[in-house]
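Start counting the sequence shown at 1; every next residue gets the next number (full-length UniProt numbering).
Cβ atoms here follow ideal geometry from the backbone N, Cα and C, with glycine treated the same way.
Only one structure is covered here, and it is reproduced in the block below.
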Amino acid sequence: FDWSSIDTSDLPSSYKTNSWQEKELLQLADHFFQQYTHLCPDRKPLFIYPVNECGVQKFVSTTVRPTLLPYPDMYYWSGCASFVCDYLIMEPLKCPITPPSSLYSPTTIVKYQRGNCFDFAVLLCSLLIGAGYDAYCVHGYATLEICSLDQTQEVCPRLRKPPEVPEEEDPNKYRVKYPLEPQSKFELQQKARKEKETEPAQEEETKEEEEEEPKRDPLHGLRVHAWVLVLPGKRKVPETFFINPFTGNPHSTTDECFLGIESIWNDRNYWVNMQDCRKGCKDLSFDLTDPFCWEIMFLESNKSSQLTTESAKGDTEEMQEKEETDMSFEMPLSWVARIKVSSREYENPFSLGTKVILYDKAKQEKWAAYANEDGLVERLTVYADSDRTEELEVKEWFKHREDLLYMREVDKQTQLITDHFEPGHPLLLKAHSYTSLEPETGHTVEFYHTARVDGLWKRFESATEMTEYFVGREDFLHTRHIEFDERDKKMEKAGATADANPRPIVQIKEYFHRNPEKPADEDIEERIFMVIDDVIQVTYHLELHDTIASQVVFSRVIGREKREDEIFLSRENTVKYQPWSSEKHKNMLHLYDLLWELRAEQKELKQQVRDSEAEMLNILMVRKDEETNIKLSVSMYGTAKRGQEQEAMV
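Okay, structure coming up:
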């Protein structure tokens, strides 16, 4: 991109000339610069008054234009940082060890959507100050990876695991200390011998690893970079942190990637770092009121600065009068016009249509909303190797889909696909795992159970079994497992539908939580309905002092034909273990009533299983239709903004 070819004819007059206040400011800045170079001859030149796009010298603080953009995300530092890093295209500095000779206005940078690290930092700082943060632009030094936007050695932020919280040790000093396990001295001697034998091989491996390690950057510690400093206090910021404008990521002030600071500035003042940076930024104090750590250009109090007091010894009375005027100087307003970003530009921040970021064993791709017909806005591909050749997993994020799909995970090893849905789907779907949308091929469906009457939160179905999990039911049911047999092959060959040729139910198992309102010998823990064998097994919960659960088994009488709606009970078809204290369980009439209830519930359960099968078929049919005819929703408040997208969808 040729910056010399940009059109500056339409820019305001403040871009092309300096007011009398700005001229006076430049004189004071030049005087400060001369004192600085005289007292600190070994320091690098300060970045104070570069030229703008019109070739006019401007003080860096006046280039910062505090602006609050009218978008909710731009009220927070994370939204501002992500917008700047997505919206602008990074350009490296012409000379990596010196700051640029020019600093264009944030409005020009926004217009052409590109810039160097100083352009990024000034734009981000302008947005943060406009949002109420105590933010500063930083001129300093960083590593090659930070300066060149090389993230191939870093872990993708979406893959970073949260830090583990260490377990607190038991403060009881009187606890029993157990003796250590005894160890054989002979085994220890043998282990030491083996280690000595393997030492030469390990040394060779370490040498090979050292050779494979990348060479040290010859410009380490000299590479110039600009970033943003955010101090605590305003907007409830708890601690000081850095923001790398190239990535939008926050960094601790002790991060070893940042090697030193020359100066910082905001829209009100300019500070020079007077601290030793040989150990990086980790030992720096960011108390800007400390004159021994930070040399301020325009004093905000009656305290005298180091530079002015030391230089005043040899200066005349006229210079002292000038210093007094310097102390009372008021920073002029920014010469930059108000930063404007249209809603279309804000919603489509990628000037190239997409953004690709390479990480260690991962690749991240981003798109603007409505850029893809399926609503895809982000894709993260995880690889098995650093060369990114073998894919392990792919994660995709979606926006504005009418089916409320917002994320999809694909395991490339097993080809397992998991779809995640936002609340509000007509079928109350929360997640759906599958390898194919064909029925009975292995599906796991999660529901928003609080919106369901039956409390079902998860269901797994395959060709031979189905398992359902429940939460918060009044009957304390938490799991139901069903086993199926193969369909009638003759009817399958005849082309019968699944409804006409259902899978035979072999067995139904139900598991219940403990109901504290019932005694344990009346509270069922497990029910097994062996439908084909005509066996019903009931197991009760245990009392605290029991070791074997109470159990009743109702089986079919051998040699007797089964009749519809017949309840036949005898001591031959009833097997029971009764460590019960209650006498009613020994009564045959009680067992007869129990068997009658179980038969009725078995009939209802069989119908519920058929309803669950029908629900799964309906879910798969709806999901097929949703994936075949993907529709994106357009907000009623954004119709005018997204006219082109709406016309394209129609």
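query	result
Sequence-distant residues of its chain with Cβ nearer than 6 Å to Ile6 (five each side left out)	none
Per DSSP, cross-strand counterpart(s) of His31	The partner list for His31 (beta bridge, DSSP) is empty, contrary to what the question assumes.
C-beta atoms of Gly115 and Glu262 nearer than 7 Å	no
Classification of Gln364 by the beta-carbon crowding that lies within 10 angstroms, buried from 16 upward	buried
Minimum C-alpha distance to Phe298 - residue among Leu284, Asp290, Glu330, Arg278	Glu330
Distance between beta carbons of Cys85 and Pro245, contact taken as under 8 Å	6 Å
Three-state secondary structure assigned by DSSP to Gly442	coil
Under 7 Å between C-beta atoms of Glu510 and Arg527	yes
Three or more C-beta pairs below 8 Å linking the segment 387-405 and the segment 625-636	yes
Limits of the beta strand (DSSP E) - the one that Val538 falls within	535-540
Pairwise C-alpha distance: Gln183 and Glu409	48 Å
Collapsed DSSP secondary structure at Ser102 in the structure displayed	strand
Burial state of Phe1, where buried means 16 or more other Cβ atoms lie within 10 Å	exposed
Short Cβ contact (7 Å threshold) for Arg480 with Glu461	no
Local Cβ density within 10 Å of Cys95, reported as buried at 16 or more and exposed below that	exposed
Under 7 Å between C-beta atoms of Val471 and Ile505	no
Selected residue, minimal CA-CA separation from Leu88, among Val122, Phe286, Ser102	Val122
Inter-stretch contact (C-beta, 8 Å, three-pair minimum) for the segment 16-36 and the segment 66-73	no
Touch test, the segment 266-283 against the segment 147-154, Cβ-Cβ under 8 Å, three pairs minimum	no
First through last residue of the alpha helix (DSSP H) which encompasses Lys16	13-16
DSSP-derived helix/strand/coil call for Asn618	helix
Terminal residues of the alpha helix (DSSP H) in which Glu465 lies	No alpha helix (DSSP H) contains Glu465, which is instead part of the beta strand (DSSP E) from 465-470.
Reduced DSSP secondary structure (H/G/I, E/B, other) of Gln57	strand
Beta-carbon gap between Glu154 and Tyr359 smaller than 7 Å	yes
Distance, Thr381 Cα to Gly130 Cα	36 Å
Buried/exposed call for Val356, threshold 16 Cβ in 10 Å	exposed
Of the residues Glu187, Ala549, Gln507, the one placed nearest Phe529, counting alpha carbons only	Gln507
Residue of Asp523, Glu396, Thr389, Leu544 minimising C-alpha distance to Val377	Glu396
Per DSSP, the bridge partner or partners of Trp271	Ile264, Ile296
Proximity of Ala226 and Cys117 at Cβ, strictly below 7 Å	yes
Of the listed residues Glu446, Thr152, Cys80, Thr247, nearest to Ala362 (C-alpha basis)	Thr152
Touch test, the segment 40-51 against the segment 245-260, Cβ-Cβ under 8 Å, three pairs minimum	no
Where Cys137 sits in the DSSP three-state scheme	strand
Those runs of the beta strand (DSSP E) which lie wholly inside the segment 335-419 and span at least 3 residues	354-359, 362-367, 376-383, 391-398, 405-411
Candidates Leu68, Pro41, Tyr104, Pro157, of which the one nearest Thr62 by Cα	Tyr104
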